[in-house]
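Enquirer: Just dropping this structure here.
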Amino acid sequence: MPGLVVFGRRWAIGSDDFVLPGAFELFVRLVWWIGILVLYTVHKGQFNCPGGGLLHSYLLVLILLLASIICALSALVYISMQGTISNPGPRKSLPKVLYTRLFLYFPEFIWAVLGAVWVSDSSVHCEKTVINAIIWTVIASWVIIIFTIIGVLIVFDPLGGKKTLYLTDGVSRNLESSQSGQLLYNVKSSATRVWEKRIRLLCCCIVQDDDHRVAFTSIAELFRTYFSDTDLVPSDIAAGLILLHQEQDKMESCPKEPEEVLCHSPSSLMADDLDVELENAAHYMLFAAAAYGWPYYIYTNPFTALCKLKGDCCRNRPADSDITGSDRHNFHFGSILNITGLQYRDFIHISFHNKIYEIPFFVALDHKKEAIVVAVRGTLSFEDILTDLSADCEDLTLEDVLENGFVHKGITQAATYIYRKLINDGILNQAFTIAPEYKLVIVGHSLGGGTASILAIMLRNSFPTLKCYAFSPPGGLLSKSLADYTKHFIVSVIVGKDLVARLSMPNMEDLKRRIVRIVANCNRPKYQILLRGCWYGVFGGDPDDFPTELDGRNQEALSQPLLAEESLMVRRSPSYNALEDEPHQNSPPQYPHLYLPGKIIHIVEESSSRRLCSSDIKYTARWSNETVFSSILISPKMITDHMPDVVLKALNSLSQEHGECLSC
Numbered sequence: 001m002p003g004l005v006v007f008g009r010r011w012a013i014g015s016d017d018f019v020l021p022g023a024f025e026l027f028v029r030l031v032w033w034i035g036i037l038v039l040y041t042v043h044k045g046q047f048n049c050p051g052g053g054l055l056h057s058y059l060l061v062l063i064l065l066l067a068s069i070i071c072a073l074s075a076l077v078y079i080s081m082q083g084t085i086s087n088p089g090p091r092k093s094l095p096k097v098l099y100t101r102l103f104l105y106f107p108e109f110i111w112a113v114l115g116a117v118w119v120s121d122s123s124v125h126c127e128k129t130v131i132n133a134i135i136w137t138v139i140a141s142w143v144i145i146i147f148t149i150i151g152v153l154i155v156f157d158p159l160g161g162k163k164t165l166y167l168t169d170g171v172s173r174n175l176e177s178s179q180s181g182q183l184l185y186n187v188k189s190s191a192t193r194v195w196e197k198r199i200r201l202l203c204c205c206i207v208q209d210d211d212h213r214v215a216f217t218s219i220a221e222l223f224r225t226y227f228s229d230t231d232l233v234p235s236d237i238a239a240g241l242i243l244l245h246q247e248q249d250k251m252e253s254c255p256k257e258p259e260e261v262l263c264h265s266p267s268s269l270m271a272d273d274l275d276v277e278l279e280n281a282a283h284y285m286l287f288a289a290a291a292y293g294w295p296y297y298i299y300t301n302p303f304t305a306l307c308k309l310k311g312d313c314c315r316n317r318p319a320d321s322d323i324t325g326s327d328r329h330n331f332h333f334g335s336i337l338n339i340t341g342l343q344y345r346d347f348i349h350i351s352f353h354n355k356i357y358e359i360p361f362f363v364a365l366d367h368k369k370e371a372i373v374v375a376v377r378g379t380l381s382f383e384d385i386l387t388d389l390s391a392d393c394e395d396l397t398l399e400d401v402l403e404n405g406f407v408h409k410g411i412t413q414a415a416t417y418i419y420r421k422l423i424n425d426g427i428l429n430q431a432f433t434i435a436p437e438y439k440l441v442i443v444g445h446s447l448g449g450g451t452a453s454i455l456a457i458m459l460r461n462s463f464p465t466l467k468c469y470a471f472s473p474p475g476g477l478l479s480k481s482l483a484d485y486t487k488h489f490i491v492s493v494i495v496g497k498d499l500v501a502r503l504s505m506p507n508m509e510d511l512k513r514r515i516v517r518i519v520a521n522c523n524r525p526k527y528q529i530l531l532r533g534c535w536y537g538v539f540g541g542d543p544d545d546f547p548t549e550l551d552g553r554n555q556e557a558l559s560q561p562l563l564a565e566e567s568l569m570v571r572r573s574p575s576y577n578a579l580e581d582e583p584h585q586n587s588p589p590q591y592p593h594l595y596l597p598g599k600i601i602h603i604v605e606e607s608s609s610r611r612l613c614s615s616d617i618k619y620t621a622r623w624s625n626e627t628v629f630s631s632i633l634i635s636p637k638m639i640t641d642h643m644p645d646v647v648l649k650a651l652n653s654l655s656q657e658h659g660e661c662l663s664c
């Protein structure tokens with residue numbers, strides 16, 4: 001629902017968000033009140049100790065104060081339970097109750113101070129049980145006050161005052177007037193500055209230069225653009241994701257026509273080609289995973305990794321000229337050796353240098369496949385995250401390539417950095433001098449997969465036989481023409497419902513609209529959605545059939561936004577406008593449709609049998625196409641399916657299964 005407006009400003013909390021925290025505090029207050037009441041009743045008439053008169057008054061007022069707070073909390077929780085997300089009418093009296101509850105914090109604060117003073121008074125010599133009870137009362141009061149202050153800071157919206165002015169005046173204002181235009185410009189500028197400050201705060205531990213400042217501004221503009229057109233609070237988004245997850249599970253359980261016709265009826269030639277590519281992908285995924293260095297190695301070998309790395313750190317390493325960047329104690333390089341199984345002499349160049357738009361990579365000789373492998377690391381630092389989020393589009397202009405198009409700006413700059421290192425520093429020339437008959441293979445996972453794909457496009461003319469394996473690359477990477485061009489030399493591998501492979505600005509806009517639509521038209525209170533959603537996510541079962549206003553409507557009616565949806569949409573997002581409005585001549589839209597690179601292998605979990613200490617998962621793989629990844633799927637596995645160890649496990653399982661079939 002729209003954010004709650006109190007004290008003349010909007011807050012990042014809804015009027016229906018007080019049910020669960022209010023009920024928890026109500027339970028604590030009831031137990032507390034009963035305990036103090038019992039203490040007062042048992043010791044009534046026994047307050048004749050030094051300081052006992054003050055103690056008697058303190059407990060009596062505390063009982064009355066707790067009773068008042070319990071009444072206010074009960075009213076707050078009851079009112080917050082009324083209505084639905086898009087129907088806040090039954091909760092219109094909640095701000096008055098909230099003011100009353102907040103007012104009661106003042107006497108509680110004063111009483112907490114008095115209790116602390118009384119406890120610290122050395123002249124008080126009352127019964128130890130009473131003193132301990134007062135100590136715990138004071139501690140409980142201060143804990144609740146501190147958590148309340150933290151909660152206020154969390155739900156504080158720096159733009160609350162400007163948004164309130166903008167929203168309340170939204171019906172009568174004329175957007176063509178200079179005054180309204182200036183107001184809108186001020187809101188946009190303030191929002192961009194707020195997001196930029198947040199990003200700077202998150203990245204306070206890294207050295208910031210001009211590239212960082214440009215990236216901060218670009219990313220702040222992206223976030224401001226995306227969140228500018230809705231009036232949703234975080235709990236609304238959580239409820240929407242829960243509803244979408246259950247709706248999606250219901251649709252998957254229904255019999256339907258296959259979505260991937262190409263994949264469900266492959267020719268024998270395509271099936272043979274798939275088996276070969278799966279075997280190659282399983283082999284090269286080791287290199288992509290090894291690029292992560294010691295974090296990945298320790299994560300996958302938590303009990304033995306440190307012992308092995310401790311032995312490797314004292315060994316001789318290649319000449320310093322072969323390694324750039326910091327690798328303290330030789331942990332990164334030792335991990336790469338252990339994961340790939342290569343020897344020291346097999347490495348041509350290793351770079352651990354990491355800045356924004358400059359990511360680590362290594363070049364090695366793979367004698368098993370007779371290939372020169374360039375492995376690019378995925379996201380592992382704040383600098384890498386900034387590279388990921390620099391999602392503006394730019395033209396990729398290459399000689400002798402007719403299929404020029406748009407690409408992800410941040411990832412393209414990272415690929416350009418590696419391209420210059422490989423070509424200008426003569427790294428590839430050195431490699432082909434050692435092994436002239438070897439082929440060039442470029443691999444990477446996540447950010448590394450996207451960078452490897454664009455790097456492969458850049459090197460394609462110089463090395464026509466090169467091959468690229470992109471594992472779980474970002475979805476918003478290449479325009480359609482470039483994506484089609486790369487089908488001849490790039491293979492993308494996606495596992496399950498991987499979120500990153502479906503991430504693009506159009507897909508994010510689609511997700512936002514789906515959330516707004518399903519949240520606005522659900523007839524259940526938010527607390528019921530959240531509680532049942534948590535139960536479903538943890539314990540499973542059948543998805544809840546939440547009634548919505550969408551039920552029974554024909555398709556033509558569903559194409560128009562309902563009144564409840566319009567109440568949650570401030571105005572259309574500029575990022576979405578860019579998708580529909582006609583762009584200016586020779587001026588690309590800011591966020592056009594971008595796709596996954598190359599041919600796509602989609603690996604899905606076919607069945608799983610869970611045992612006491614392990615789980616046996618069976619996978620199936622098939623050729624897919626980019627349209628299958630045109631929508632973000634909500635699932636508990638949307639993050640884990642992206643992890644490199646899960647991708648490697650799935651590929652090894654399929655490769656092993658294929659080997660067993662051949663042996664049979």
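Under the UniProt record's numbering, think of the first position of the sequence shown as 1, with each following residue one higher.
The beta carbon of each residue, even a glycine, is placed where N, CA and C say it ideally should be.
Bear in mind the structure is a predicted one, so any value in this text is a computation, not a measurement.
One question on the structure: do V647 and S381 come within less than 8 Å of each other, judged by their Cβ atoms?
Expert: As a position in the sequence shown, residue 647 is number 647, starting the count at 1. As a position in the sequence shown, residue 381 is number 381, starting the count at 1. No, the Cβ-Cβ distance between V647 and S381 is not below 8 Å.
Enquirer: Can you give me the C-alpha to C-alpha distance between Y58 and F18, rounded to a whole angstrom?
Expert: For the purposes of this step, residue 58 is identified with residue 58 of the sequence shown, where counting begins at 1. For the purposes of this step, residue 18 is identified with residue 18 of the sequence shown, where counting begins at 1. Near 29 Å, if we compare the C-alpha coordinates of F18 and Y58.
Enquirer: From I442 to H212, what does the alpha carbon distance come to, in whole angstroms?
Expert: Sequence index remark: in the sequence shown, residue 442 carries index 442 (1-based). Sequence index remark: in the sequence shown, residue 212 carries index 212 (1-based). Near 28 Å, if we compare the C-alpha coordinates of H212 and I442.
Enquirer: Just to check my reading of the structure: L37 and I63 have Cβ atoms closer than 8 Å, yes? What is that Cβ distance to the nearest angstrom?
Expert: Mapped onto the sequence shown, residue 37 falls at position 37. Mapped onto the sequence shown, residue 63 falls at position 63. The Cβ separation is near 6 Å, so the contact holds.
Enquirer: Taking only three categories from DSSP, how would you classify T168?
Expert: Reading the sequence shown from its first residue, position 168 is the one you call residue 168. Residue placement at T168 cannot be trusted, given a pLDDT of 47 that sits under 50; what the coordinates show is reported in the next sentence. Three-state DSSP puts T168 in a helix.
Enquirer: Taking just the CA atoms, how far does K369 sit from R198?
Expert: One-based indexing of the sequence shown puts residue 198 at position 198. One-based indexing of the sequence shown puts residue 369 at position 369. Approximately 47 Å between the Cα atoms of the pair.
Enquirer: By DSSP, does H43 sit in helix, in strand, or in coil?
Expert: Against the sequence shown, residue 43 aligns to sequence position 43. The answer is coil: DSSP assigns H43 none of H, G, I, E or B.
Enquirer: Taking the alpha-carbon of S504 as reference, which of C393, G3, I144 has the nearest alpha-carbon?
Expert: As a working mapping, residue 504 is identified with position 504 in the sequence shown. If we check each option's Cα against that of S504, C393 comes out closest.
Enquirer: Using C-beta distances below 7 Å, list every residue in its chain close to E605, excluding the 5 sequence neighbours before and after it, in chain order.
Expert: Along the sequence shown, one-based indexing puts residue 605 at 605. Cβ neighbours of E605 beyond the five flanking positions: G496, I617, Y619.
Enquirer: Going straight from the alpha carbon of A238 to that of L153, what length do you get?
Expert: Counting from one through the sequence shown, the residue named residue 238 turns up at place 238. Counting from one through the sequence shown, the residue named residue 153 turns up at place 153. Roughly 20 Å between the two C-alpha positions.
Enquirer: Using beta-carbon positions only, say whether A67 and V97 come within less than 8 Å of one another.
Expert: The residue given as residue 67 occupies position 67 in the sequence shown. The residue given as residue 97 occupies position 97 in the sequence shown. For A67 and V97, no; Cβs fall outside 8 Å.
Enquirer: Hey, could you find the ends of the alpha helix (DSSP H) D229 is sitting in?
Expert: What you label residue 229 is simply residue 229 of the sequence shown in a count that begins at 1. No alpha helix (DSSP H) contains D229, which DSSP labels as neither H nor E.
Enquirer: Relative to the alpha-carbon of R345, which residue among P158, I434, L478, A191 has its alpha-carbon at the smallest distance?
Expert: Numbered from 1 along the sequence shown, position 345 holds the residue referred to as residue 345. If we check each option's Cα against that of R345, I434 comes out closest.
Enquirer: Which same chain residues, not among the five before or five after P474, have their C-beta less than 6 Å away from its C-beta?
Expert: Sequence index remark: in the sequence shown, residue 474 carries index 474 (1-based). G450, V500, L503, listed in sequence order.
Enquirer: Can you name, in chain order, every residue of its own chain whose Cβ lies under 6 Å from the Cβ of A281, other than the five neighbours on each side?
Expert: Looking up residue 281 in the sequence shown gives position 281. So the qualifying residues of the chain are Y469, V493, L651.
Enquirer: Put C534 into one of helix, strand or coil per three-state DSSP.
Expert: Residue numbering aside, residue 534 sits at position 534 when the sequence shown is read from its first letter. C534 falls in the helix class under three-state DSSP.
Enquirer: Roughly how many whole angstroms lie between the Cα atoms of D544 and I632?
Expert: Mapped onto the sequence shown, residue 544 falls at position 544. Mapped onto the sequence shown, residue 632 falls at position 632. Their backbone Cα atoms lie some 21 Å apart in a straight line.
Enquirer: Within the continuous alpha helix (DSSP H) that includes F361, where are the two ends?
Expert: Here residue 361 refers to the residue found at position 361 of the sequence shown. Here F361 belongs to no alpha helix (DSSP H); instead the beta strand (DSSP E) covers 361 to 366.
Enquirer: Secondary structure at E605, three-state DSSP: helix, strand or coil?
Expert: Here residue 605 is taken as the residue at index 605 of the sequence shown, counted from 1. Strand, per DSSP.
Enquirer: Could you have a look at K409 and say whether DSSP puts it in helix, strand or coil?
Expert: What you label residue 409 is simply residue 409 of the sequence shown in a count that begins at 1. Note: K409 maps to helix in three-state DSSP.
Enquirer: Would you mind working out which of V519, S630, V628 sits nearest P234, comparing C-alpha positions?
Expert: Position 234 of the sequence shown, counting from 1, holds the residue named residue 234. The option with the nearest alpha carbon to P234 is V519.
Enquirer: Who are the near neighbours of T192 in its chain, counting only those whose CB is closer than 8 Å to its CB and skipping five residues on each side?
Expert: One-based indexing of the sequence shown puts residue 192 at position 192. Cβ within range, chain order: T217, A220, E221, R224.
Enquirer: Please report how far the alpha carbon of A290 lies from the alpha carbon of D645, in whole angstroms.
Expert: For the purposes of this step, residue 290 is identified with residue 290 of the sequence shown, where counting begins at 1. For the purposes of this step, residue 645 is identified with residue 645 of the sequence shown, where counting begins at 1. Computed Cα separation, rounded: 11 Å.
Enquirer: Please classify N461 as buried or exposed, where buried requires at least 16 neighbouring CB atoms within 10 angstroms.
Expert: Mapped onto the sequence shown, residue 461 falls at position 461. Label assigned to N461: exposed.
Enquirer: Starting from A520 and walking both ways along the alpha helix (DSSP H), at which residues does that stretch end?
Expert: For the purposes of this step, residue 520 is identified with residue 520 of the sequence shown, where counting begins at 1. Start and end: 505 to 520.
Enquirer: Go ahead and label K92 buried or exposed: buried means 16 or more other beta carbons lie within 10 angstroms of its beta carbon, across all protein chains shown.
Expert: To locate residue 92, count along the sequence shown from 1; it is residue 92. Exposed, by the Cβ-count rule.
Enquirer: Classify L4 as helix, strand or coil using the three-state DSSP reduction.
Expert: As a first step, residue 4 must be located in the sequence shown, where it is residue number 4. In this structure, L4 counts as coil in the three-state DSSP scheme.
Enquirer: Within a Cβ cutoff of 8 Å, which residues of the same chain sit near S559, ignoring the five residues on either side of it in sequence?
Expert: As a working note, residue 559 is residue 559 in the sequence shown. Note that S559 has pLDDT 45, beneath the 50 cutoff, so the model's placement of it is unreliable and the number below is only indicative. Excluding positions up to five away in sequence, the list is empty.
Enquirer: Can you look up residue 665 in the DSSP assignment and give me helix, strand or coil?
Expert: Lying outside 1 to 664, the shown extent of the chain, residue 665 is not represented and no answer is given.
Enquirer: Hey, how far is the Cα of R10 from the Cα of I359?
Expert: Here residue 10 is taken as the residue at index 10 of the sequence shown, counted from 1. Here residue 359 is taken as the residue at index 359 of the sequence shown, counted from 1. Taking the straight line from one Cα to the other gives about 41 Å.
Enquirer: Would you kindly report the start and end of the unbroken beta strand (DSSP E) that includes F471?
Expert: Sequence index remark: in the sequence shown, residue 471 carries index 471 (1-based). Residues 467 to 471.
Enquirer: Terminal residues of the continuous beta strand (DSSP E) containing A371?
Expert: On the sequence shown, residue 371 is found 371 positions in, with the first residue counted as 1. Residues 371 to 376.
Enquirer: Taking the CB atoms as reference points, tell me whether P431 and V363 lie closer together than 8 Å.
Expert: Within the sequence shown, residue 431 is the residue found at index 431, counting from 1. Within the sequence shown, residue 363 is the residue found at index 363, counting from 1. Inspection of the sequence shows that residue 431 is occupied by Ala rather than by Pro. Yes, they are a contact pair.
Enquirer: Could you give the DSSP three-state label for C307: helix, strand or coil?
Expert: Numbered from 1 along the sequence shown, position 307 holds the residue referred to as residue 307. C307: helix per DSSP, three-state reduction.
Enquirer: Excluding sequence positions up to five away, which residues of its chain have a Cβ less than 7 Å from the Cβ of S655?
Expert: Stepping through the sequence shown from its first residue, residue 655 is reached at position 655. Closer than 7 Å at the Cβ level, and outside the excluded window around S655, lie L278, E279, A282.
Enquirer: Roughly how many angstroms separate the alpha carbons of Y284 and H602, rounded to a whole number?
Expert: Here the question's residue 284 lines up with position 284 in the sequence shown. Here the question's residue 602 lines up with position 602 in the sequence shown. The alpha-carbon atoms of Y284 and H602 are separated by roughly 17 Å.
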